């Protein structure tokens with residue numbers, strides 16, 4: 002079994018925020034495959050399904066971003082899963098919009114949701130960083146990540162979410178390089194990178 006988590010903040014007020022791109026990625030995966038309806042467990046919304054025969058639990062912590070590790074830690078302990086069975090999708094300021102980078106372990110780079118997971122669970126899991134770009138001024142970071150994607154962002158965003166869902170099986174079988182390459186080629190072929 003694998004746990005695929007998307008980070009974000011709960012509630013309709015935050016639904017279209019840049020900070021919620023992790024939720025959006027998991028929602029796209031949920032829609033692309035035959036997953037159960039969302040239910041509440043582990044201080045999160047969860048859904049079970051199969052991708053290429055692999056049991057998957059999708060999880061969207063409902064604890065707010067800064068406490069994401071509580072919900073994810075509960076789920077990992079309940080299912081007795083090691084960190085190599087955890088994939089986390091989240092927003093990354095230091096990557097251009099529509100860019101994806103996957104790595105195992107590493108630092109939080111100031112991302113409070115990742116800090117929370119690291120403190121509750123450790124950091125040796127699959128980090129899927131989804132580029133949202135960075136505002137011009139450092140003082141505008143909070144306003145930027147909690148701001149909604151703009152109309153001009155919608156084309157690259159919808160393409161990115163679709164290509165993530167269509168190729169997540171590569172990531173699940175451990176081929177993160179093919180996953181990243183497929184996304185990059187798709188985004189470039191459509192002039193979105």
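Numbering (the numbering used here), first residue to last: 2 to 194.
Ideal Cβ placement from N, Cα and C applies to all residues, glycine included.
Because the structure is a prediction, the values reported are computed rather than measured.
Residues bridged to residue i [DSSP beta-bridge criterion]
i	result
residue 128	89 and 104
residue 62	45
residue 18	149
residue 1	Past the boundaries of the shown model lies residue 1; the chain is included only from 2 to 194, so the question cannot be answered.
residue 40	47
residue 52	55
For residue i, the nearest candidate out of the options (CA to CA)
i	options	result
residue 46	12, 55 and 167	12
residue 7	131, 109 and 33	131
residue 72	51, 62 and 18	62
residue 146	9, 19 and 3	19
residue 126	98, 173, 34 and 158	173
residue 29	171, 176, 164 and 94	164
residue 108	121, 116 and 96	116
residue 3	17, 41 and 54	54
residue 24	110, 119 and 166	166
residue 134	120, 159 and 94	94
residue 177	151, 102 and 113	102
residue 113	21, 32, 84 and 34	21
residue 44	16, 79 and 183	79
residue 158	41, 184 and 86	184
residue 97	136, 85 and 75	136
C-beta atoms of residue i and residue j nearer than 8 Å
i	j	result
residue 88	residue 142	no
residue 59	residue 27	yes
residue 65	residue 10	yes
residue 188	residue 179	no
residue 1	residue 118	Look at the range of the chain in this structure, 2 to 194, and you will see that residue 1 is not part of it.
residue 48	residue 37	yes
residue 57	residue 105	no
residue 82	residue 123	no
Same chain, Cβ closer than 7 Å to residue i, neighbours up to 5 away in sequence not counted
i	result
residue 100	132 and 194
Same chain only: Cβ atoms within 6 Å of residue i, ignoring 5 sequence neighbours per side
i	result
residue 161	99
residue 39	46 and 48
Cβ-based neighbour list, residue i, same chain, cut-off 8 Å, excluding 5 preceding and 5 following
i	result
residue 181	101, 102 and 103
message: Runs of 4 residues minimum, wholly inside the segment 127-159: which ones carry the alpha helix (DSSP H) assignment?
response: Fully enclosed alpha helix (DSSP H) runs of no fewer than 4 residues occupy 142-146 of the segment 127-159, in order along the chain.
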